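Chemist: Dumping the structure here so I can ask a few things about it.
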Amino acid sequence: MSGWMNHLTVAPIIIPLLAGTVMMLIDERRRTLKAVLGVASALVLLVLAVVLLLMADGAPSGSGAVRVYRLGNWPSLFGIVLVLDRLAALMLLLTAILGVAALVFSLARWQHAGAHFHSLFQFQLMGLNGAFLTGDLFNLFVFFEIMLAASYGLALHGSGLARVRAGLHYLVINLAASLLFLIGVSMIYGVAGTLNMAELATRIAVVAGEDRALLEAGAAILGIAFLIKAGMWPLGFWLPNTYATVSAASAAIISILSKVGVYAVLRLWLLMFGESGGASAGFGGLWLLAGGLLTIAFGSVAVLATQNMARLAGASVLVSSGTLLAAVGTGQVAVTGGALFYLTSSVLGIAGFFLLIELVERGRELGADVLAVTREAFGEDEEADEDDQIGVPIPATMAILGASFVACALLLAGLPPLSAFLAKFAMLAPLLSPGSAGVSATTWALLAAFILSGLATIVAMTRTGIDVFWASPAATVPRVRVVELAPVMLLLTLCVALSVQAGPVMRYMEATAQSLYVPHGYVTGVVPTPSWPSGTEGDRR
0 MSGWMNHLTV APIIIPLLAG TVMMLIDERR RTLKAVLGVA SALVLLVLAV
50 VLLLMADGAP SGSGAVRVYR LGNWPSLFGI VLVLDRLAAL MLLLTAILGV
100 AALVFSLARW QHAGAHFHSL FQFQLMGLNG AFLTGDLFNL FVFFEIMLAA
150 SYGLALHGSG LARVRAGLHY LVINLAASLL FLIGVSMIYG VAGTLNMAEL
200 ATRIAVVAGE DRALLEAGAA ILGIAFLIKA GMWPLGFWLP NTYATVSAAS
250 AAIISILSKV GVYAVLRLWL LMFGESGGAS AGFGGLWLLA GGLLTIAFGS
300 VAVLATQNMA RLAGASVLVS SGTLLAAVGT GQVAVTGGAL FYLTSSVLGI
350 AGFFLLIELV ERGRELGADV LAVTREAFGE DEEADEDDQI GVPIPATMAI
400 LGASFVACAL LLAGLPPLSA FLAKFAMLAP LLSPGSAGVS ATTWALLAAF
450 ILSGLATIVA MTRTGIDVFW ASPAATVPRV RVVELAPVML LLTLCVALSV
500 QAGPVMRYME ATAQSLYVPH GYVTGVVPTP SWPSGTEGDR R
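In this text, residue positions in the sequence shown follow numbering that gives the first Met the number 0: the first is 0, and each later residue adds one.
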């Protein structure tokens, strides 16, 4: 591909970089101008993400393609390389959708709560897009730091003691993860002699036996850094409280950061320790599976224990991360395809729930959740209001918010007929297929985890819904603007669309998973003449 189309791969990084930089130069009092620039940038990124998705899928043939962009036209081993494949394109599209939804939501209130909100938001998008596109570990670290630096500002946006306290915890935890990232990368480079992901895929199998332990130790340390960001137990204790204290708009875009950790694990694990990994093939897979199951258990307990809707959403992030890690840990292509479908559904559903929480809680008395639990525990009934009327109709705003809450409950719990249920079914179907040689203990463990986590979520969401809409409703009907409700409806509508178009979506997800497990196209796109070890899948192709 030649001409200006070749530069589309770098555009998701350049556009928010330029937009954020320009906004920094504009006086903070001109927020309307900043808002217009921010929304325009987000919409351009959304259109661009759709175009890149079609390009990565090889439209119209669907054959798939890997687009490689070498900055300065330097060779891959020496220069900065950006790689666009199906997985990267999927993550770019999810980021763009969340970016538009969260930014539009913020126009009603949160853009006025502190300085440089729009610039931080653009730099957040830049870091996310760069992390998904980069083709080497060092630049992955660079984009991680850009992404995290912007998230620190967004986490503190709006001030408040609770935000400052949670933000400082978030800062310290992620600085520690960044240190582990550097240590792991240094150890891998010391053994393999490269940080290019595609080149690493060809060198892992031929690493000398005496160096393999050091390589695997470096990969394990690097994996811990990613799993901290993904929120895997016991490394994700910080996540629910942090996500519960940030503003709704910030929480919606920051919620995808946990999936960046999952993305990094999926990408690097299958490149470095897939079938072409030689003696290290499959390294760490059991830990991913066990850690994912434990994370589901921990998240489910947190979901049941919480009395706060925002913490409930944060705990749901843990459940979704655990589900993805456990599915990836099975090492099966079909299961990973279902996991990618689940990733898409959970990212949209959880972000929508974060935005919905602020609208639902608007106008409720402070501590209403705790008071509702107290009344239930001690049997204290509210005094009847003599002025209550029988048959008073439900206001339209509350009806819309209630219906949206029900949709979020179905998505988080993975119940039919919405997309999360179809995704869980797609993950379990290959494991329970009649053609397999019996049902393994792993399959039963996953099945139990999915059922119990869904049960815990629906119990918690039902309890919360009763408290919010029935036991202790808002004193007045909340005033909700169109720019606040529209992003929630957009995200939930997309989840419905995923359910209706599950066939084409699953085709894309299965093709993505297949390309991850057989990365020959990715490797040869970056390194034209890779030195595959004999007998591997890449050599046979």
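Every residue, glycine too, gets a C-beta built ideally from N, C-alpha and C.
Remember, it's a predicted structure, so these values are computed and weren't measured experimentally.
1) Per DSSP, what are the beta-bridge partners of L81 in this structure?
2) Is it true that the CB of S254 sits closer than 7 Å to the CB of W109?
3) With a threshold of 16 other CB atoms inside 10 Å of the CB of W73, please say whether the residue is buried or exposed.
4) Suppose you measure from the CA of A501 to the CA of G348; what does that come to, to the nearest Å?
5) Counting only the same chain and skipping the five closest in sequence on each side, list residues whose C-beta sits under 8 Å from that of D384.
6) N128 by DSSP, collapsed to three states: which one?
7) State the DSSP-derived secondary structure class of N307, mapped to helix, strand or coil.
8) From this set, A243, S275, S319 and I25, which residue's C-alpha is nearest V261's C-alpha?
9) Note down the Cα distance separating A398 from V359, rounded to an integer number of angstroms.
10) At 4 residues or longer, and completely inside the region 226-287: list those alpha helix (DSSP H) runs for me, N to C.
11) Determine contact between the region 284-302 and the region 226-245, defined as no fewer than three beta-carbon pairs at a distance below 8 Å.
12) Excluding the five sequence neighbours on either side, which residues of its own chain have a C-beta within less than 7 Å of the C-beta of I457, listed in chain order?
13) Counting C-beta neighbours from all protein chains within 10 Å, is the total for I203 16 or more, i.e. buried, or is it exposed?
14) Please classify M308 as buried or exposed, where buried requires at least 16 neighbouring CB atoms within 10 angstroms.
15) What residue range is occupied by the uninterrupted alpha helix (DSSP H) comprising I172?
16) Since S201 is in the alpha helix (DSSP H), which residue starts that stretch and which ends it?
17) Roughly how many whole angstroms lie between the Cα atoms of S257 and T396?
18) Tell me which residues share the same chain as V206 and place their Cβ nearer than 7 Å to its Cβ, disregarding the 5 neighbours each side in the sequence.
19) Quick one: give me the first and last residue of the alpha helix (DSSP H) that Q513 is part of.
20) Is the region 280-288 touching the region 117-132, taking contact as three or more C-beta pairs under 8 Å?
21) Is it buried or exposed for A301, if we count other Cβ within 10 angstroms and need 16 for buried?
22) Taking one C-beta from the region 129-136 and one from the region 38-45 each time, how about it: are there three or more such pairs within less than 8 Å?
23) Can you have a look at V525 and say buried or exposed, based on whether 16 or more other CB atoms are within 10 angstroms of its CB?
24) Let me check understanding here. Comparing Cα to Cα, which of L342, L119, G276 and A325 lies closest to T201?
25) What does the Cβ neighbour count give for G19, buried or exposed, with the cut at 16 atoms within 10 Å?
26) Considering only the alpha carbon of each residue, which of I145, H117, I450 and Q121 lies closest to A130?
27) Looking at C-alpha atoms only, which residue of V35, A175, N195 and L267 is the closest neighbour of A581?
28) Would you report the Cα separation of L47 and D56, rounded to the nearest angstrom?
29) So, helix, strand or coil for E27, using DSSP?
30) Out of A250, A95, M271 and P429, state which residue places its alpha-carbon closest to the alpha-carbon of P11.
31) Check whether the Cβ atoms of V103 and P416 lie closer than 7 Å to each other.
32) Measure from the alpha carbon of V35 to the alpha carbon of each residue in V49, S105 and A459, then state which is nearest.
33) Given a cut-off of 7 Å, decide if L287 and G328 are closer than it, judged by their beta-carbon atoms.
34) Mapping the DSSP letters down to three states, classify A207 as helix, strand or coil.
35) Distance check for L89 and R66, CA to CA, integer angstroms please.
36) Could you spell out where the alpha helix (DSSP H) holding G57 opens and where it closes?
Modeler: Result, derived from the coordinates:
1) Within the sequence shown, the letter at position 82 stands for residue 81. DSSP, once it has assigned bridges, lists Y68 and T133 as partnering L81.
2) Locating residue 109 in the sequence shown gives position 110, counting from the first residue. Locating residue 254 in the sequence shown gives position 255, counting from the first residue. Contact: no.
3) If you number the sequence shown from 1, residue 73 lands on position 74. Answer is exposed; the Cβ neighbour count stays below 16.
4) For the purposes of this step, residue 501 is identified with residue 502 of the sequence shown, where counting begins at 1. For the purposes of this step, residue 348 is identified with residue 349 of the sequence shown, where counting begins at 1. Computed Cα separation, rounded: 16 Å.
5) Translated into the one-based positions of the sequence shown, residue 384 becomes position 385. Because the pLDDT at D384 is just 45, under 50, the model does not fix this residue reliably, and the value given afterwards should be weighed accordingly. There are no such residues.
6) On the sequence shown, residue 128 is found 129 positions in, with the first residue counted as 1. If DSSP states are grouped into helix, strand and coil, N128 belongs with the helices.
7) The residue given as residue 307 occupies position 308 in the sequence shown. Coil.
8) As a position in the sequence shown, residue 261 is number 262, starting the count at 1. Comparing Cα-Cα distances from V261 to each of A243, S275, S319 and I25, the minimum goes to S319.
9) The sequence position of residue 398 within the sequence shown is 399, counting from 1. The sequence position of residue 359 within the sequence shown is 360, counting from 1. Looking at the two C-alpha atoms, the distance is approximately 11 Å.
10) Within the region 226-287, the complete alpha helix (DSSP H) segments of 4 residues or longer fall at 238-244, 247-253 and 256-271, listed in chain order.
11) Enough Cβ pairs lie closer than 8 Å, so yes.
12) The residue labelled residue 457 in the question sits at position 458 within the sequence shown. Once the five neighbours on either side are set aside, the close Cβ partners of I457 are A408, A412 and L414.
13) If you number the sequence shown from 1, residue 203 lands on position 204. Taking a 10 Å sphere around the C-beta of I203, we find 16 or more other C-beta atoms and assign the residue as buried.
14) For the purposes of this step, residue 308 is identified with residue 309 of the sequence shown, where counting begins at 1. With 16 or more other Cβ atoms inside 10 Å of its own Cβ, M308 counts as buried.
15) Counting from 1 along the sequence shown, the entry for residue 172 is found at position 173. L160 to A191 is the span of the alpha helix (DSSP H), which, as asked, contains I172.
16) One-based indexing of the sequence shown puts residue 201 at position 202. Correcting the residue identity first, residue 201 is Thr in this sequence and not Ser. Segment M196 to R202, the alpha helix (DSSP H) holding T201.
17) Residue numbering aside, residue 257 sits at position 258 when the sequence shown is read from its first letter. Residue numbering aside, residue 396 sits at position 397 when the sequence shown is read from its first letter. About 32 Å.
18) Residue 206 sits at position 207 when you count from the first residue of the sequence shown. If you ignore the 5 residues before and after V206, its C-beta comes within less than 7 Å of the C-beta of V190, A191 and L214, all in its own chain and listed in chain order.
19) Position 514 of the sequence shown, counting from 1, holds the residue named residue 513. Looking at the DSSP string, the run of the alpha helix (DSSP H) that includes Q513 is A501 to Y516.
20) The region 280-288 vs the region 117-132: no contact.
21) Taking the sequence shown and counting its residues from 1, one reaches residue 301 at position 302. The residue in question, A301, is buried, as its Cβ has 16 or more Cβ neighbours within 10 Å.
22) No, the region 129-136 does not touch the region 38-45.
23) In the sequence shown, the residue the question calls residue 525 occupies position 526. With 16 or more Cβ atoms within 10 Å of its Cβ, V525 is classed as buried.
24) Locating residue 201 in the sequence shown gives position 202, counting from the first residue. Nearest option by C-alpha distance: G276.
25) Walking along the sequence shown from the start, residue 19 turns up at place 20. Its Cβ being crowded by 16 or more others within 10 Å, G19 is buried.
26) For the purposes of this step, residue 130 is taken as residue 131 along the sequence shown, with counting starting at 1. Of the candidates I145, H117, I450 and Q121, the one whose C-alpha sits nearest the C-alpha of A130 is I145.
27) Outside the displayed range of the chain (0 to 540) lies residue 581, so it cannot be described from this structure.
28) As a position in the sequence shown, residue 47 is number 48, starting the count at 1. As a position in the sequence shown, residue 56 is number 57, starting the count at 1. Approximately 14 Å, taken between the alpha carbons.
29) Position 28 of the sequence shown, counted from the first residue, corresponds to residue 27. DSSP places E27 in coil when its eight states are reduced to three.
30) Working through the sequence shown from its first residue, we reach residue 11 at position 12. Out of A250, A95, M271 and P429, A95 has the C-alpha closest to the C-alpha of P11.
31) On the sequence shown, position 104 is the one that residue 103 refers to. On the sequence shown, position 417 is the one that residue 416 refers to. Going by C-beta atoms, V103 is not nearer than 7 Å to P416.
32) Your numbering for residue 35 matches position 36 in the sequence shown. Taking only the C-alpha atoms, the option nearest V35 is S105.
33) Translated into the one-based positions of the sequence shown, residue 328 becomes position 329. Translated into the one-based positions of the sequence shown, residue 287 becomes position 288. Yes.
34) By 1-based counting over the sequence shown, the position of residue 207 is 208. Correct three-state label for A207: coil.
35) Counted from its first residue, the sequence shown places residue 66 at position 67. Counted from its first residue, the sequence shown places residue 89 at position 90. Whole-angstrom Cα-Cα distance: 14 Å.
36) Walking along the sequence shown from the start, residue 57 turns up at place 58. Per DSSP, G57 lies in no alpha helix (DSSP H) segment and is marked neither H nor E.
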